[in-house]
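>
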Amino acid sequence: MRKILTEVVIETTEIYVIKHQRHFIRTWCEDCGREVSLITPSEAALLTFQETAEIYSLMDERRVHFRLFAPEQTPFVCLTSLCLI
Ligand SMILES: [Zn+2]
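Residue numbering for the sequence shown follows my numbering, beginning at 514 and increasing consecutively.
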């Protein structure tokens, strides 16, 4: 009697979607010369898989556009300039 060996391969993929409140501002960017979305440095870090400190470094080096909003001088990063890095 012949033995038949059957191999079954099951591939699985898991996708995690983490949703949370996004904070962004639509406004004019003087450097881009157009209306853009501005996001917080922590949001920028999440989107680019970097540490927030790296986003602040990019801001210090003027490699991304950003604006400070009163009264707490909260920084917001230009999403368009962030995408060009
Ligand atoms: Zn810009």
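Note that the Cβ used here is the ideal one computed from N, Cα and C, for glycine as well.
1. Checking the sheet assignment: what are the DSSP bridge partners for residue 550?
2. Select from 597, 572, 598, 583 the residue whose C-alpha is nearest the C-alpha of residue 590.
3. My understanding is that residue 537 touches residue 551, with C-beta atoms under 8 Å, so please give their C-beta distance in whole angstroms.
4. Which whole-angstrom value is the C-beta distance of residue 545 and residue 593, which I expect to be below 8 Å?
5. When a residue counts only if its C-beta is closer than 6 Å to some heavy atom of ligand 1, which residues count, in chain order?
6. Report the rounded CA-to-CA distance for residue 585 versus residue 564, giving the unit in angstroms.
7. Taking the beta carbon of residue 557 as the centre, do at least 16 other beta carbons fall within 10 Å, making it buried, or is it exposed?
8. Assuming residue 540 contacts residue 527 (C-beta within less than 8 Å), just tell me the rounded distance between them.
Let me lay it out:
1. 539
2. 572
3. 6 Å
4. 5 Å
5. 542, 544, 545, 549, 578, 591, 593, 594
6. 22 Å
7. buried
8. Rounded, the Cβ-Cβ distance is 38 Å, inconsistent with contact.
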